[in-house]
Each structure stands twice: as C-alpha cells, then as structure tokens.
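Residue numbers (our numbering), protein chains in the order written: chain R, 1 to 113; chain B, 114 to 226.
Below you can see the structure in the form of structure tokens.
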C-alpha cells in the first residue's frame, strides 16, 4: 500500500519554465490538497479538491493551476516558474476532511533559478 | 494575520521527561485540531486530533488538551523518547471548510538521551 506518491522528488527549473507535479493516492480518498512549505514556516494551502472533477483555491493559489481528472490523481502545474516558487511541495489526501488526519506524500523539492 | 500560532520555534527536553508543545489560534470557527509530526526529508504524519466538543484526547504517550475559552491547545508527550525528536505542527480546521487545515509554523522538539 503506497499511500500518497509524489513525482518528481527534486527538480530545478529556470525562471519562466513550466512543469507539472504529480500526486497519486491509492486509498480511494475523496479529498486532496497541495501545500507548500517555505523554510521556518508552516504549510500553506495552494489548491484543494473535494472530489473527482472539482478544484478550489486555497490560501496562496497565484501562479499555480490544478486538475483532478481522476479520483486518484491531483496535478499541480506551474505555467511560468518564478524564484518565489522555490519551496517544498506536499500533496495530501484525506477520507473525510480533517477528522482522520491527512496522509501526506514525501514532498517535491523545487528550486527555481 | 496568522490564525494558528506556535510561539516556541524549538524545545529541548531530557529523555523520559514530559514534552509540552503549545499552540494558539484566533479563529473561533475552528472546530477540529490536529497535531502532525515531521522528520527531515519526509512528509508530515498525523499524530493525534481533538474535536472542539472535547477538552482532552489521549493516545498512548500522546495527549492533546484543548482550552476553547483561551483558544489554546497543547500536546503532551510522556515519557519523551529520542525518536520523538522532530518538527511538530499544530493544525486547525473548520467543519464547514471542505476539510482545509491551517497550519502553525512548527516547533522543533529535541529529546536528549
């Protein structure tokens, strides 16, 4: 049982390049989330989804887009990367909101130069 | 305005003693509170949660206390073990909010042998 798998684990981008981060979960969870963590800070919500085909903005959505075409996958896209998007990105999923806690992936460390 | 605050960036305790991690929140709509533990280069893992209708929840060595009037919660670890050394995040959620959790900045706990 893999849980939540994030791909890739590391990436270096040049300013203006685009990329997609993939999150896959095998627990049949309805809810999925993308967070970013900057040094010395907590996790900030970028976008989330409450079910297949749905997406919504979180606290810091600017510069990012998401899609949830299949229940098990949640994609995070950066159309034109900026140095301010250098961060560690965590995907999470949950069965029923926060009650049973989130299951997190191991993170993607993204550097934009 | 940071809605979830962990005012102590770090805490150091001796093995076998009690660790007390604190968290304050400002949003009175929060009705579910969670603690996560994070090791370096890994995603956070869910530790324990508490609903706003309770004032205490216990799971083995971990106990979370909630004081709604003070908008304060704490995580007690007894006895502390070296393997507990990690970053601990407090998170809060409102039931009407699609399960979105707001995280504090974390407290780094070091348990010395």
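For each residue, glycine too, the CB sits at the ideal point set by N, CA and C.
Asked, Found
"Contacting residues, own chain, Cβ-Cβ under 7 Å from residue 159(B) (five flanking each side not counted)", "147 and 149"
"9 Å Cβ cutoff, residue 21(R) in contact with chain B", "no"
"Pair within 9 Å by beta-carbon distance, residue 186(B) and residue 135(B)", "yes"
"Neighbour flag for residue 208(B) against chain R, beta carbons, 9 Å", "yes"
"Chain R contact for residue 138(B) (CB, 9 Å cutoff)", "no"
"Buried/exposed call for residue 32(R), threshold 16 Cβ in 10 Å", "buried"
"Presumed contact (8 Å Cβ cut-off) between residue 116(B) and residue 215(B), rounded CB distance", "5 Å"
"Of the residues 212(B), 193(B), 184(B) and 172(B), the one placed nearest residue 222(B), counting alpha carbons only", "193(B)"
"Simplified DSSP assignment, three categories, for residue 93(R)", "strand"
"Residue interval of the beta strand (DSSP E) (run including residue 175(B))", "175-180"
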